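First residue of the sequence shown? That's 16 in the UniProt record's numbering, and the numbers climb one at a time after it. Backbone N, C-alpha and C fix where the C-beta goes; we use that ideal spot for every residue, glycine too. The structure displayed is predicted, hence computed values, not measured ones.
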Amino acid sequence: ALLLFIVVFILTADYIKNRRLTGFPPGPPALPIVGNIFTLDHKRTHESMTELAGRYGDVYSMRMGQRWVVVLNGFEAVTQALVTQGDSFSDRPSIPLYDDIFHGLGVILSNGHMWKQQRRFALSTLKYFGFGKKSLEPMILEEFTYVAKEISAYKGKPFNPHLIVNNTVANIICLLVFGHRFEYGDEQFKKMMKLFEQSIQIQVDHFFCEFFSGFLIKKFKRINEELKDFVRTEVKDHKQKWDPSDLRDFIDYYLNEIQMVTEKSFTFDEECLIMSVLDLFGAGSETTSTTLRWAFLFMVKYPEIQERVQAEIDSVIGQSRPPSVDDRADLPYTDAVIHEIQRMGNIVPLNLPHVTNRDVHLRGYTIPKGVTIIPNLTSVLFDKREWKTPFTFNPGHFLNEEGKFVKPAAFIPFSAGKRLCLGENLARMELFLFFTSFMQHFTFSMPPGVKPVLDYRFGITLSPVHYEICAKPRHE
Ligand code: HEM
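This is how it looks when you write it as structure tokens:
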């Protein structure tokens, strides 16, 4: 009888605590305690969530364990929240898996004063090193020569591009934050890359649901402590060689900021530096390399598109010089293909989570303060109301009738509003320079007898399952 009483008590308490209040967005019925965990197909959560919008509307709610989540779908609803009502929707929720390890420091997971200062600093330093005094353009082009050498060594035979592309892109962030690149074979670099990959291979569901994250916290803590140690060693080295008259990279600049701190309200210290560096790696490496790995796959799946890109590059740039960002305006078809790769690749399928920081009204619903918000980017990049052929690879989405490049408003793979990806400009520069360089130098194809498969692995990012590819050099 006591057991029965406890069960009835828990279920009643759960019902009272978790019932949908009047005005709250509708959604699928939730089970006691676990909520809607079993409503979703966790191998394709983003598609499950998009499908639910067909039944419950563009703004619906569901419960992940004990946490209420409101999922926003389609261009209109997502931008109304993130842009028009951005002040109410721009904070990050608490995420049990991360809180203990990151303590809300850095850019990605912070809020309020800390977030404002760290974001502003990261943006201005990125601008300075990426596009200002020390443009990253020549560094990206130089990095391409290393990766081209590596790929040429396969002499057109099948290889798995996964690690090679990851290393290439990671080196750009290394140049930015550490001021130096690593050889691809460097043991320490290889270890760091593996740890980053493990840390990003986390199901988005684990963000929200204590049931899942409980099992993972120990493993996740170990991975991230090792990563922090790696960055700590770099910081130590930078401190020894630090010269305020010659600030070489992000870490040097940050150390300078720490030195200048006089006010108590400043959030710059060494722990926060380490977190910001990890943020730049976490957000800036896997994302761009995953996009490039999708690019190879789309090019082998649609060889006629690859050929047309190569023809455009040959006529505008030729073979005697590397591409430059200034060529973009003269390469509308190539530019459209890169954008369509990003749209179809859909590499941050559910965006990063947001939270309401006050009670808000959105499209006729009332959402109280503290509710986790998922601005579903999949539903925007494949929104039937915005794209002519949403599920077909079609560079025409980004070209007008005269063949000029145009960017529809619903192209928001970097999100929108106050939390807009702060590496967007860098990512766009990298994608353009790497993609055009690859197309200038190689023709990609599947190994003989193998068909391209566009399968993905769902996590924070949507990455293609490992595949092998052949890269035939176009010229000696
Ligand atoms: C945030 C996409 C590359 C740094 C984000 C968000 C998305 C995104 C969807 C979440 C925005 C939101 O919460 O509303 C991408 C894509 C990339 C890319 C698709 C490449 C193709 C980069 C690069 C860097 C970077 C190269 C830095 C070097 C960041 C940071 C945030 C962020 C620091 C957190 C911003 C904040 O919370 O204020 N990115 N990103 N990203 N991204 Fe990127």
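Pair within 9 Å by beta-carbon distance, residue i and residue j
i           : j           : result
residue 393 : residue 65  : yes
residue 375 : residue 100 : yes
residue 428 : residue 305 : no
residue 508 : residue 42  : Absent from the structure is residue 508, since the part of the chain shown begins at 16 and ends at 491.
residue 340 : residue 450 : no
residue 89  : residue 395 : yes
residue 120 : residue 287 : yes
residue 123 : residue 294 : yes
residue 289 : residue 246 : yes
residue 327 : residue 349 : yes
residue 432 : residue 104 : yes
residue 361 : residue 177 : no
residue 40  : residue 76  : yes
residue 96  : residue 364 : no
residue 378 : residue 92  : yes
residue 407 : residue 269 : no
Nearest-angstrom Cα separation, counted from residue j out to residue i
i           : j           : result
residue 301 : residue 157 : 20 Å
residue 282 : residue 430 : 26 Å
residue 155 : residue 256 : 25 Å
residue 325 : residue 291 : 38 Å
residue 388 : residue 367 : 9 Å
residue 213 : residue 330 : 42 Å
residue 203 : residue 73  : 46 Å
residue 58  : residue 472 : 8 Å
residue 4   : residue 297 : As displayed, the chain neither begins before 16 nor continues past 491, which places residue 4 out of reach and without an answer.
residue 253 : residue 182 : 22 Å
residue 456 : residue 489 : 5 Å
residue 118 : residue 233 : 16 Å
residue 171 : residue 198 : 23 Å
residue 168 : residue 486 : 10 Å
residue 417 : residue 69  : 35 Å
residue 496 : residue 400 : Examination of residue 496 is not possible in this model, given that the chain is present from 16 through 491 alone.
residue 443 : residue 402 : 21 Å
residue 80  : residue 381 : 21 Å
residue 322 : residue 435 : 34 Å
Environment of residue i [buried if 16+ CB atoms lie within 10 Å]
i           : result
residue 358 : buried
residue 46  : exposed
residue 276 : exposed
residue 242 : buried
residue 338 : buried
residue 5   : Here the chain has residues from 16 to 491 only, and residue 5 is not among them.
residue 493 : Shown here, the chain extends from 16 to 491; a query on residue 493 therefore has no answer.
residue 114 : exposed
residue 248 : exposed
residue 128 : exposed
residue 383 : exposed
residue 412 : buried
residue 175 : exposed
residue 106 : buried
residue 20  : exposed
Integer-rounded CB distance, given that residue j should sit under 8 Å from residue i
i           : j           : result
residue 238 : residue 476 : Not confirmed; about 16 Å, so no contact.
residue 454 : residue 484 : Going by Cβ atoms, the distance from residue 454 to residue 484 rounds to 14 Å, so no, they are not a contact pair.
residue 162 : residue 188 : Going by Cβ atoms, the distance from residue 162 to residue 188 rounds to 15 Å, so no, they are not a contact pair.
residue 273 : residue 193 : Actually they do not touch by this definition, with Cβ atoms about 17 Å apart.
residue 191 : residue 102 : Not confirmed; about 31 Å, so no contact.
residue 445 : residue 409 : Not confirmed; about 24 Å, so no contact.
residue 211 : residue 112 : 16 Å between Cβ atoms; not a contact.
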